[in-house]
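Visitor: Mind having a look at this structure? Questions to follow.
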Amino acid sequence: MSMPKYLLTIFFIFLTCLQSGDLWASNIDINTQFNYQKPIEYSYTTSVNSLESALLQKNHLWLESRGGLLNLGLQNNPVWMKFNLINSTNETKKIFVVLSNPLIDKLSLYQITKEKVIQYHTIGDTQPISRRTIKDESLLFSISLAANSHNNIYLEAQSEGTLKLPLSVWTPERYVQHKSKFNLLIGLLLGFLFALIISNLLISLLTRNSLFLMGSLYITCLWAVLTGYFGLSYRYFNLDAFWLQQINISTLLLCAVTLLNPITEKLLYLAKNNKKHLTVLRISFGLTIIIMCLNPWLSYSNSLIMSFTIGLINMGVYLVITSLHINKKTKHAKTVFAYLFPIFLTLVHGILLFNDIIFSTLTIQSILIVCFLSSSFIISYLLIVQFITQRDEKAQQQHQLIAEVRAKDKLLEEKLKIQNQAQQGLESKIQERTFELEITLRELEEKNRELEEKNTHDALTSIRNRLYFDKKLAMEFRRSRREQKQLAILMLDIDHFKIINDSLGHLAGDEAIKFVANTIKESLQRPSDEACRYGGEEFSIILPNTPTQGAIAVAESIRKKIEAAKIHTSAGIIEMTISAGVHSAIAELNQDPNQHTALADKALYKAKETGRNRVLSSADQF
């Protein structure tokens, strides 16, 4: 039939419908205040196969969408939808009609105005993207509404997959704003997953650990499922292999479930802990591989049902085995359960969709995003923890082996020595030597303690040195984090110390340094407070359980004492000042102790830059 005859036939059929008095299901008023309506209410039917029969269909045979959301599950028959767009303004309006399910095979739109079909367009994920007037991952039609016009919209949807049909109507400007926010969120999500993929792949290359490679492939499958579900692979990769697009989600999701099999096996140490569970997992792995290879020869709907059913069975097996190991208190079992359960929830959600159970579009997207993101993050974290644990255990075993070998060597040497002495009749001398050795060891231990004590003191000032400061800071940092108490670090520096050295000599400079050290030491009131010479003319103070104001008060006290002092040396009287930087905070879990020192040091240099002879905190510098 030629196009003019086709349009003429539609006109007479439409006129017949108008004369029959049938009412339309939904009227959407496009006025000056209209921005969008999401979702829209519409009527639908699955009992017609063409526009002619849809126009002739009696009104009582059309069904109403529930809250604008319709999910018919796996449906082979085409679905026809209808609603009205009424432009009540005096100007032509451009409107977007959007179906937020990019996985529909074919979607056709008919726009009828004044008993004429003025627009007919077909798009879908089995159609080339070049056929779309606007390249968008959602199924989007751009229609023009004449001023003060009444437009009847018919939509025909066909898909071998799930017929989930959330319709919405937008102005172009409002839709662009909506898509900008949505694309930003999806971009951040996919970017985070891509970062996990790359990090796991790099760790796999560096450590040659196959678990990280499987983790990277697993997250890649989830990433590809998301790009397919949101229509991004169709939009940006322009795939012409439509059969591949149809099976990619089911196949990739089943592939992700399959990859969880060897990962779970290794993380639960099944080869060592439970041979029966290992056998069950390997049987399920082999069967799943066979079914996955059959997927390309199945229809899209059968592929979905098969993949989700087999995937759900596999996840059930994984979760049961993991639960048994949780009861046995197997290492990492709880964390393994944590990354398995989101995928199980995703598969259950898919089965519910196939059985006509309605979820809002936001809920569907939220479930996929939260489940995939949490599973990917947990499995990446667990792989790193497991690798570090294995490395530490291996290192500990090596140390123990070395210690045992050394101990055996020592014992052997002692036995040979005792045997030689016994043969020579020198048992008495052995006892004397043993006694002398014990005395020597005690003396050596005392010397070592004295040496260690000297190594932690500064030779010039007799206060603690930088080495002790680093150890003490690490210890107090852990205590602050454990007890959630503030830890204050003070960094002090003698102002213009180089001038003192250059004008009065290094001996006078040494006297100045010793005076500052003694002043600091005398100003500390608590046994837990520690003063250290950080280097040159710079000093550091550790004040546990001290807020910023308390630390500033201590620093001000020291500064005032030094400012008021006159130091008598053989080279003359020294008058000097100091600058101080203060930082006080509760230690955080992933924070480095040196960050405390760095912030106090920055405050010190800020004090010097702003005139010296003053005390600034890290908060002041910002």
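So the sequence shown is numbered by this note's numbering: it starts at 228 and just counts up by one. The beta-carbon is built from N, C-alpha and C at its ideal position, and this holds for glycine as well.
Just tell me which of L296, S292, T272 has its CA closest to the CA of K285.
Guide: Ranking L296, S292, T272 by Cα distance to K285 puts T272 first.
Visitor: On the three-state DSSP scale, how would you describe H684?
Guide: Note: H684 maps to strand in three-state DSSP.
Visitor: Measure the alpha-carbon distance for K321 versus H405 and round it to whole angstroms.
Guide: Near 17 Å, if we compare the C-alpha coordinates of H405 and K321.
Visitor: Classify D697 as helix, strand or coil using the three-state DSSP reduction.
Guide: Helix at D697.
Visitor: Between K561 and I553, how many whole angstroms is the CB-CB distance? I'm expecting something under 8 Å.
Guide: Between I553 and K561 the Cβ distance is about 6 Å, and since that is below 8 Å, they are a contact.
Visitor: Let me know if I516 comes out buried or exposed under the rule of 16 or more other beta-carbons within 10 Å of its beta-carbon.
Guide: Its Cβ having fewer than 16 others within 10 Å, I516 is exposed.
Visitor: Which complete alpha helix (DSSP H) runs does the segment 686-750 hold, if anything under 4 residues is left out?
Guide: Here the runs fully enclosed are 693-710, 724-731, 733-750.
Visitor: For F261, which of helix, strand or coil comes out of DSSP?
Guide: Three-state DSSP puts F261 in coil, outside helix and strand.
Visitor: Could you check which residue in P393, S253, T316 has the C-alpha nearest to that of N298?
Guide: Residue P393 is the option with its Cα nearest to N298.
Visitor: Taking C-beta to C-beta, are N317 and A374 nearer than 8 Å?
Guide: Yes, these two residues count as a Cβ contact at 8 Å.
Visitor: Between which two residues does the alpha helix (DSSP H) holding V452 run?
Guide: Its alpha helix (DSSP H) spans residues 437-456.
Visitor: Please classify P523 as buried or exposed, where buried requires at least 16 other C-beta atoms within 10 Å of its C-beta.
Guide: Answer is exposed; the Cβ neighbour count stays below 16.
Visitor: Rounded to whole angstroms, what's the CA-CA distance from L449 to L486? Just pull it up for me.
Guide: One C-alpha to the other measures close to 11 Å.
Visitor: Rounding to the nearest angstrom, what Cα-Cα distance links N328 and L572 in this structure?
Guide: Approximately 20 Å between the Cα atoms of the pair.
Visitor: My understanding is that L731 touches I801, with C-beta atoms under 8 Å, so please give their C-beta distance in whole angstroms.
Guide: Correct: roughly 7 Å between the Cβ atoms.
Visitor: Among G736, A782, E757, E749, which residue has its Cα nearest to the Cα of G763?
Guide: Comparing Cα-Cα distances from G763 to each of G736, A782, E757, E749, the minimum goes to G736.
Visitor: Taking its Cβ as the centre, do 16 or more other Cβ atoms sit within 10 Å of M441, making it buried, or is it exposed?
Guide: Its Cβ being crowded by 16 or more others within 10 Å, M441 is buried.
Visitor: Check whether the Cβ atoms of N314 and L367 lie closer than 8 Å to each other.
Guide: Against a cut-off of 8 Å, the Cβ pair of L367 and N314 comes out as no contact.
Visitor: Applying the criterion that 16 or more other CB atoms from any shown protein chain within 10 Å of the CB defines a buried residue, is A791 buried or exposed?
Guide: A791 comes out exposed.
Visitor: Give the DSSP bridge partners of R293, in chain order.
Guide: L296, per the DSSP bridge assignment.
Visitor: In the DSSP output, which residue or residues are listed as bridge partners for L336?
Guide: According to DSSP, L336 bridges with H348, L382.
Visitor: Are there 16 or more other CB atoms within 10 angstroms of the CB of R709, so buried, or fewer, so exposed?
Guide: That one is exposed.
Visitor: Would a C-beta distance cut-off of 8 Å place S526 and S477 closer than the cut-off?
Guide: In this structure, S477 does not lie closer than 8 Å to S526 by Cβ.
Visitor: Do A778 and S811 have their C-beta atoms closer together than 8 Å?
Guide: Contact flag set, yes.
Visitor: If you draw a straight line from the C-alpha of E670 to the C-alpha of R660, how long is it?
Guide: The alpha-carbon atoms of E670 and R660 are separated by roughly 15 Å.
Visitor: Helix or strand or just coil, what does DSSP make of G808?
Guide: In this structure, G808 counts as strand in the three-state DSSP scheme.
Visitor: Taking DSSP as the reference, what is the three-state secondary structure of D819?
Guide: Note: D819 maps to coil in three-state DSSP.
Visitor: Please report how far the alpha carbon of C244 lies from the alpha carbon of V306, in whole angstroms.
Guide: Below a pLDDT of 50, predicted positions are generally treated as unreliable, and C244, at 40, falls in that range; the measurement from the model is reported next regardless. Rounded to whole angstroms, C244 to V306 spans 20 Å at the Cα level.
Visitor: Do you know offhand how far Y462's Cα is from L816's?
Guide: A small fix is needed here, since residue 462 is Arg in this sequence, not Tyr. Approximately 43 Å between the Cα atoms of the pair.
Visitor: Determine the extent of the alpha helix (DSSP H) in which P771 is found, giving its start and end residues.
Guide: Taken as a continuous stretch (DSSP letters only), P771 belongs to no alpha helix (DSSP H), being part of the beta strand (DSSP E) at 765-771.
Visitor: Return helix, strand or coil for K320, following the three-state DSSP convention.
Guide: Residue state, collapsed to three classes: strand.
Visitor: What are the partner residues of K829, as DSSP defines its beta bridges?
Guide: According to DSSP, which records beta bridges pairwise, K829 is partnered with nothing at all.
Visitor: Do T775 and A846 count as a contact pair if the criterion is CB distance below 8 Å?
Guide: The answer is yes: Cβ separation under 8 Å.
Visitor: Could you check which residue in D722, L714, K835, N745 has the C-alpha nearest to that of I690?
Guide: I690 has its Cα closest to that of N745, out of D722, L714, K835, N745.
Visitor: Per DSSP, what kind of secondary structure is W256 in: helix, strand or coil?
Guide: According to the sequence provided, residue 256 is Asp. The question's Trp does not apply to it. Looking at D256 - three-state DSSP - the assignment turns out to be strand.
Visitor: Quick check on K384: buried or exposed, where buried means 16 or more other Cβ atoms within 10 Å of its Cβ?
Guide: According to the sequence provided, residue 384 is Ala. The question's Lys does not apply to it. It is buried - the Cβ of A384 has at least 16 other Cβ atoms within 10 Å.
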